[in-house]
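Accompanying notes for the structure given below.
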Amino acid sequence: MPFEAATAIWERLWTSRYPLAADAFDDGVWRQTRAAAMTRLHVELHPRQVWGLIGVDVDHPDAVLRMVSTVDNHPQPNVIIENPVNGHAHAAWAITTPIKVTNYGSRRSVRYGLSIEEALRRAVGGDPHYPARLIKNPFHPRWMTHFIHADTSTLDRFGGTLTPAGHMPGRGWHNQRRRTPVGHSRNETLFHGVRHFAYREMRHHWGDPEGYRAAIAREVAIRNADFDTPLGVTELGHISTSITDWTIRYSRMWNDGPAAYDQAFRAIQAARGRKGSGRNGGLAGNSRPGGLMRGANRSDEAWELHKAIEKAGLV
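Residues in the sequence shown are numbered from 92 upward in steps of one, following the working numbering.
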């Protein structure tokens with residue numbers, strides 16, 4: 092396919108305005124302009140709020156052959172980006188109507204989209220650990236890119252091919268997916284769980300940073316053992332070190348000691364108490380008794396907690 096035609100296809104399908112991008116992941120991933128991102132090895136697959144491209148990673152030397160062998164198996168991808176050194180490749184399929192991944196989107200569409208993504212992964216033997224956040228940059232000279240076609244497909248059209256081929260996951264698959272996080276989601280699950288533990292744990296280690304580091308490292312190892320596929324030792328070290336380093340270097344509660352910790356705790360409890368005294372148990376703006384709080388109210392609560400801590404002089 093001519094370069095101009097390939098560029099036109101990608102510009103139409105790739106909708107990230109200020110995408111995440113990276114060369115070496117160890118050096119960090121950050122948002123950049125589209126022009127700057129297109130010089131990187133890896134770019135964001137789609138915006139976080141709008142899901143328009145389904146991505147799959149195949150870590151086999153015959154990845155391209157698997158992806159183009161579509162008869163009675165799976166739809167053809169729009170683009171395949173191959174590593175010519177080992178044959179591994181990423182593939183992307185374009186959705187006709189991008190899925191809104193926000194409070195205003197359809198949960199049914201999101202769940203159906205996740206099922207289609209899982210079915211495509213199964214159809215080509217893709218990596219279950221791939222988080223589908225970044226994809227190989229199709230225009231980077233290190234990769235060999237194959238633009239197959241420019242058509243988009245509806246979720247039902249994807250399902251019309253994948254269901255009779257036997258690739259669609261069964262009922263309860265989403266719950267199993269949450270119980271057994273893999274890939275990048277394991278890192279996120281572990282980091283955020285231990286991060287909250289670390290805030291509480293610091294009160295047992297005032298003036299003892301090494302004891303604090305050991306406690307956090309132990310908690311990381313314990314929680315990691317709960318995963319069906321645990322993370323490696325190196326990744327565990329990165330997680331525990333990043334949590335403890337930030338706390339020891341930047342946390343006012345750690346540096347100012349027990350008095351600051353108690354002050355922050357009282358500020359947070361007071362803010363929660365004010366939220367809890369409102370209508371419907373504090374779910375402001377929710378007219379249905381027992382209803383769920385919307386995203387805007389969650390943001391209001393987070394902002395109020397932040398202001399309470401700020402007022403206490405802890406940020």
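We put the CB at the ideal spot given by N, CA and C, even for glycine.
State the Cα-Cα distance for the pair residue i and residue j, rounded to the nearest angstrom.
i    : j    : result
D148 : R212 : 8 Å
G376 : R233 : Its pLDDT being 41, under 50, G376 is placed unreliably by the model, and the measurement read from it follows with that caveat. In a straight line, the C-alpha of G376 is about 52 Å away from that of R233.
H265 : R202 : 8 Å
R365 : V141 : 35 Å
I100 : N169 : 9 Å
E178 : Y303 : Correcting the residue identity first, residue 178 is Gly in this sequence and not Glu. In a straight line, the C-alpha of G178 is about 45 Å away from that of Y303.
R363 : H220 : 37 Å
I207 : F288 : 36 Å
R248 : Q167 : 12 Å
R154 : G328 : In the sequence as presented, Arg is not what sits at residue 154; that position holds Ala. Spanning the two alpha carbons is a distance of roughly 32 Å.
F318 : A96  : 45 Å
W105 : T236 : 15 Å
A358 : S342 : 16 Å
L136 : T320 : 25 Å
G261 : T161 : 22 Å
S200 : N194 : 12 Å
G196 : R157 : 33 Å
F94  : T280 : 41 Å
V159 : R131 : 26 Å
N174 : A180 : 6 Å
A127 : A361 : 45 Å
I171 : F356 : 51 Å
E102 : A305 : 49 Å
G250 : A316 : 36 Å
Going by C-alpha to C-alpha distance, which of the options sits closest to residue i?
i    : options                   : result
V192 : W297, H258 and G143       : G143
T124 : D118, L111 and L136       : L111
A115 : A241, K227 and R286       : K227
T332 : G261, R309 and N174       : R309
T245 : N194, L327 and P189       : P189
A350 : M293, H283, D317 and A316 : M293
L322 : F282, D336 and Y352       : F282
G217 : D150, L156 and W105       : D150
R42  : T338, T325 and A316       : Since the first residue shown for the chain is 92 and the last is 406, residue 42 is missing from the structure and cannot be characterised.
N278 : S160, S197, R340 and T325 : T325
H133 : R224, R198 and P93        : R224
R340 : G250, F356, P300 and A361 : P300
With a CB to CB cut of under 8 Å and the five nearest residues on each side skipped, what residues in its chain are close to residue i?
i    : result
R139 : V192
H165 : A210, L211, A214, V215, T252, L253, A256 and H258
Y109 : R122, Q123, T124 and R125
V285 : I307, E310, V311, R314, I330, S331 and I334
Quickly, what does DSSP pair residue i with across the bridge? List them, please.
i    : result
A185 : L144
L111 : R122
V170 : A183 and F238
I226 : V134
I100 : Note: I100 sits in no beta bridge, so no partner.
V149 : A180
S342 : According to DSSP, S342 bridges with nothing at all.
Tell me which residues share the same chain as residue i and place their Cβ nearer than 6 Å to its Cβ, disregarding the 5 neighbours each side in the sequence.
i    : result
N346 : none
L205 : none
G119 : none
A241 : I100
S107 : E135 and P138
T98  : none
Y352 : R294 and M344
Return the chain-ordered list of same chain residues with a C-beta closer than 7 Å to the C-beta of residue i, the five sequence neighbours on each side being excluded.
i    : result
T243 : A185, I186 and T187
D163 : A256
Q129 : A small fix is needed here, since residue 129 is Met in this sequence, not Gln. So the qualifying residues of the chain are N228 and F230.
P152 : N177 and G178
Below 8 Å on the Cβ atoms is my guess for residue i versus residue j; work out the distance and round it to an integer in Å.
i    : j    : result
A183 : I145 : 7 Å
W297 : G348 : 6 Å
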